[in-house]
Amino acid sequence: MLSSFAKVSVIGLGYIGLPTAAVIASRGVEVVGVDVSEHAVNTINQGKIHIIEPDLDMLVQAAVTTGKLRASLMPEPAQAFMIAVPTPFKDDKAPDLSYIRAALENIAPVIEKGNLIILESTSPVGTTEQIAQWLSELRPDLKVPLDPSDSAEVFIAHCPERVLPGRVLQELVSNDRIIGGITDRCAEKAMGLYQLFVRGECLRTNARTAEMAKLTENAFRDVNIAFANELSLICDELKINVWELIKLANRHPRVNILSPGPGVGGHCIAVDPWFIVDSAPALARMIRTAREINDGKPHYVINKVKEAADQFKRPVIACLGLAFKADIDDLRESPALDIAEHLINDNVGEILLVEPNIKALPKHLSQHDDKLTTLPKALERANVLVVLVDHRQFKALHINDVTTKVVIDTRGIFG
Ligand code: SAJ
335 MLSSFAKVSV IGLGYIGLPT AAVIASRGVE VVGVDVSEHA VNTINQGKIH IIEPDLDMLV
395 QAAVTTGKLR ASLMPEPAQA FMIAVPTPFK DDKAPDLSYI RAALENIAPV IEKGNLIILE
455 STSPVGTTEQ IAQWLSELRP DLKVPLDPSD SAEVFIAHCP ERVLPGRVLQ ELVSNDRIIG
515 GITDRCAEKA MGLYQLFVRG ECLRTNARTA EMAKLTENAF RDVNIAFANE LSLICDELKI
575 NVWELIKLAN RHPRVNILSP GPGVGGHCIA VDPWFIVDSA PALARMIRTA REINDGKPHY
635 VINKVKEAAD QFKRPVIACL GLAFKADIDD LRESPALDIA EHLINDNVGE ILLVEPNIKA
695 LPKHLSQHDD KLTTLPKALE RANVLVVLVD HRQFKALHIN DVTTKVVIDT RGIFG
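Going by my numbering, the sequence shown opens with residue 335, and the numbers climb by one from there.
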């Protein structure tokens with residue numbers, strides 16, 4: 335392939351790294367994925383996947399079979415390194431950059447002059463510059479793009495991932511990308527890599543703006559969901575159907591209210607706004623409040639379920655859905671799981687769990703695996719139904735199927 339990127343290494347083979355690696359490999363580039371998990375590495379090398387994402391299995395299988403993609407526990411030389419590792423927050427909501435630091439320490443010995451390092455992980459403002467600083471300490475023999483004369487021998491850029499779980503393969507190719515170089519030359523080099531597989535526009539900026547752009551996108555969404563969630567509380571109090579209200583208000587040409595829910599989950603929207611709050615605590619007032627509103631919603635739902643359960647001598651409560659959103663298997667930071675866990679621990683009644691996308695509960699809840707059941711069985715037994723996720727199987731229900739039950743519908747599937 336006539337490109338300066340004959341071989342690309344992707345560090346972190348999770349929900350972002352693996353699809354990215356497979357898509358680049360499908361363009362004929364040799365890709366080596368590096369991960370610390372032996373299970374992930376072995377699974378991928380058999381042409382299989384360890385996560386759920388539509389069509390990813392076929393793409394990985396094809397890429398492994400043609401020899402373009404392989405996984406390894408050990409880093410090896412490449413022209414470009416793309417870091418796609420988690421950036422969680424610590425107990426005090428400050429960002430935890432330890433995975434990024436560990437990834438960099440891992441690849442530092444194999445980095446050569448002319449290499450490009452891309453940070454894809456969502457990161458607080460200043461992290462890409464921090465990578466350059468760390469690299470200059472780990473590899474004092476290499477000139478990093480920090481000095482103003484820009485005589486750098488390696489190139490470093492932030493190109494935040496923006497794909498929606500469940501639509502990753504389409505969005506990886508079709509979304510516009512923000513390419514934030516520490517210097518212009520870094521951005522230029524990174525543009526070359528993304529233009530290999532992105533059909534959307536690649537928009538060039540500096541690393542700090544790219545970092546803030548990603549955080550802003552998710553904070554925008556969080557603030558708007560918080561508005562919907564706050565409306566749902568107000569409507570409950572005023573005895574108004576919030577779903578009908580939003581449908582009506584959204585008929586205004588300039589109004590587009592999002593949907594209330596049991597809270598905001600996933601590893602992005604519920605996390606990233608805190609990075610902005612941490613960087614500018616006195617200024618980020620609305621962003622912080624939105625986080626608090628969304629984080630408070632599960633407690634509100636739990637209290638509603640407790641009130642409903644109180645009407646029954648032997649309440650049997652079916653929680654419909656545990657994933658953080660519809661039609662995926664991802665239970666990370668899921669408000670639905672959080673609510674179910676609280677209901678179990680608070681002995682609110684007999685709890686049934688329905689999650690069509692998983693076979694077993696996460697390890698810390700495995701003693702409750704016997705509570706997992708099917709939708710028909712839950713409908714047969716429960717007197718309280720709590721709709722926590724709008725999975726397609728639940729949306730197929732009709733209100734007439736549940737007339738004998740108390741329904742707490744946090745997703746508005748019954749309108
Ligand atoms: N949610 C609501 N009401 C809504 C929309 C969403 O309660 O109207 C809830 C969902 O149920 C879920 C959470 O918010 O619990 C987040 O779901 P989502 O589908 O809005 O977003 P994610 O977390 O799957 O992916 C987001 C996307 N960001 C934006 O849409 C701005 C995605 O493009 C990012 O790549 C991803 O975060 C990320 O990795 O940062």
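Where a beta carbon is used, it is the ideal one built from N, C-alpha and C, also for glycine.
All values derive from a computational prediction rather than experimental measurement.
Your pair residue 446 and residue 411 checks out as a contact, with CB atoms roughly 6 Å apart and the cut at 8 Å.
For residue 519, the closest C-alpha among the options 491, 348, 395 and 496 is that of 491. Residue 584 and residue 661 have their C-alpha atoms spaced approximately 25 Å apart. Restricting attention to 674, 659, 682 and 691, the CA atom closest to the CA of residue 641 is found in 682. The DSSP-derived three-state label of residue 628 is helix. Here the C-alpha atom of residue 568 lies approximately 33 Å from the C-alpha atom of residue 714.
Annotation for residue 499 indicates a beta carbon within 6 Å of some heavy atom of the ligand SAJ. Taken from the Cβ of residue 351, every heavy atom of the ligand SAJ lies 6 Å or farther away.
Residue 655 counts as buried, since at least 16 other C-beta atoms from the protein chains shown sit within 10 angstroms of its C-beta. In the DSSP assignment, residue 377 falls within the unbroken alpha helix (DSSP H) covering 372-379. Taking a 10 Å sphere around the C-beta of residue 343, we find 16 or more other C-beta atoms and assign the residue as buried. The secondary-structure analysis by DSSP pairs residue 343 across a beta bridge with 366 and 415. Just measuring C-alpha positions, the residue of 712, 363 and 625 sitting nearest residue 728 is 712. Out of 635, 426 and 676, the CA that lies nearest to the CA of residue 615 is found in 426. Its chain contains 344, 416, 418, 454, 495 and 506 as the residues whose beta carbon lies nearer than 8 Å to that of residue 354, once the 5 sequence neighbours on both sides are disregarded; these appear in chain order. Where residue 508 is concerned, the enclosing alpha helix (DSSP H) starts and stops at 502-508. When distances are taken from the beta-carbon of residue 551 to the heavy atoms of the ligand SAJ, the shortest one is below 6 Å. Taking 6 Å as the cut-off, one finds at least one heavy atom of the ligand SAJ near enough to the beta carbon of residue 598. Of the candidates 368, 377 and 653, the residue whose Cα lies closest to the Cα of residue 437 is 368.
For the options 668, 396 and 634, the alpha carbon positioned closest to that of residue 571 is the one of 634.
Taking all protein chains in view, the Cβ of residue 646 is surrounded by fewer than 16 other Cβ atoms within 10 Å, so the residue is classified as exposed. Closest option to residue 690, judged by alpha-carbon separation, among 706, 702 and 680: 706. Between residue 375 and residue 405, the C-beta spacing is below 7 Å. Along the stretch 408-492, the alpha helix (DSSP H) occurs as fully enclosed runs of 4 or more residues at 432-441 and 461-472, listed in sequence order.
Setting aside the 5 residues that flank it on each side, residue 684 is surrounded in the same chain by 650, each with a C-beta closer than 6 Å to its C-beta; the list follows chain order. The three-state secondary structure of residue 743, taken from DSSP, is strand.
The count of Cβ pairs closer than 8 Å, one atom from the stretch 427-435 and one from the stretch 391-400, stays below three, leaving the stretches out of contact. Rounded to whole angstroms, the Cβ separation of residue 537 and residue 513 is 7 Å, and the two are in contact under 8 Å. Counting C-beta atoms within 10 angstroms of its own C-beta, residue 413 has 16 or more neighbours from the protein chains shown and is therefore classed as buried. Annotation for residue 592 indicates a beta carbon within 6 Å of some heavy atom of the ligand SAJ. Under a 10 Å Cβ-count criterion, residue 527 is classified as buried, with 16 or more other Cβ atoms of the shown protein chains found around its own Cβ.
At a Cβ-Cβ threshold of 7 Å, residue 721 and residue 737 do not count as neighbours. Listed in chain order, the alpha helix (DSSP H) elements of length 4 or more contained wholly in the stretch 707-738 are 709-715 and 726-729. Shown here, residue 360 sits in a helix according to DSSP, grouped into three states.
Of the other Cβ atoms in all chains shown, fewer than 16 fall within 10 Å of the Cβ of residue 588; this residue is therefore exposed. Counting every other CB atom within 10 Å of its CB across the protein chains shown gives residue 648 a total below 16, marking it as exposed.
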